[in-house]
Amino acid sequence: MLNEFLTQLRASCEARRVPLISRESELHIRNLLQKHQPKTCLEIGAAEGYSSIVIASTIAEWGGQLTSFEVAYPAYLEAQRNIHQAKCWNTTLYPFDITKSETTASVLPVHCDFVFIDAQKSQYGTYLEKIQENLSSENIILLDDVVKYQTKLTGLYEFLEKNQINYQILESEPGDGMMLIETK
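For the sequence shown, this note's numbering assigns the number 1448 to the initial residue and increments by one for each residue that follows.
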């Protein structure tokens, strides 16, 4: 039933040209989640909730929780509706930009062991800076669209260099990829 819902949601998003993760990105996310079984997950950039549902439904198997943020209020409302329809009760969704809100510190989960970022590309470095204190000692960070939007990621690469953070690029579709950062 969930797969059918996701298939319909993907078709609806694609028909309306609403950005969502590629099928290859979805596979990378599911594989990483199954392999590492994180308990506390953070998503920055829920859009209409497709990736939120993928993450939440996967981590529900072992009692994981997802905290997600979406800055565009209409998309937040749509994500909230979709997450509810998918019965992903292990998800908390917030309608604001974590880089600008005064309440971010009070709602960010402590000790995140999995982070997925698919939001404003020019802010990727700022997002990583903002969540550093909320990461567990062993964590996985996955950033989408890092090849396609490479020219917008100056802040990200500056942050990685400054903090001497190693990463790898996973091909997600022709001409694009995901950045994987693992801390063990």
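All residues carry an ideal CB built from backbone N, CA and C; glycine is no exception. Everything numeric in this text was worked out from a predicted model, so none of it was measured.
SER1499 and LEU1607 have their C-alpha atoms spaced approximately 26 Å apart. Under a 10 Å Cβ-count criterion, GLN1570 is classified as buried, with 16 or more other Cβ atoms of the shown protein chains found around its own Cβ. In summary, TYR1497 is buried, with 16 or more beta-carbon neighbours lying within 10 Å of its beta-carbon over all protein chains present. Taken through DSSP and simplified to helix, strand or coil, PHE1606 comes out as helix.
With a contact defined as Cβ atoms closer than 8 Å, ILE1628 and ILE1612 qualify at about 6 Å. The continuous beta strand (DSSP E) containing GLN1512 extends over residues 1512-1516.
In the displayed model, THR1630 falls within a strand according to three-state DSSP.
LEU1480 is positioned such that its CB atom lies closer than 7 Å to that of THR1505. By the neighbour-count definition (other C-beta atoms within 10 Å, threshold 16), LYS1609 is an exposed residue. The C-alpha of MET1626 lies about 5 Å from the C-alpha of LEU1590. For TYR1541, the enclosing beta strand (DSSP E) covers residues 1538-1541. A residue is called buried once 16 or more other Cβ atoms fall within 10 Å of its Cβ, and VAL1554, having fewer, is exposed. The three-state reading of DSSP puts GLN1532 in helix, counting H, G and I together. Within the segment 1469-1495, the complete beta strand (DSSP E) segments at least 3 residues long are 1487-1491, listed from N- to C-terminus.
Between the segment 1540-1553 and the segment 1515-1524 there are three or more inter-stretch CB-CB distances shorter than 8 Å, so the stretches are counted as touching.
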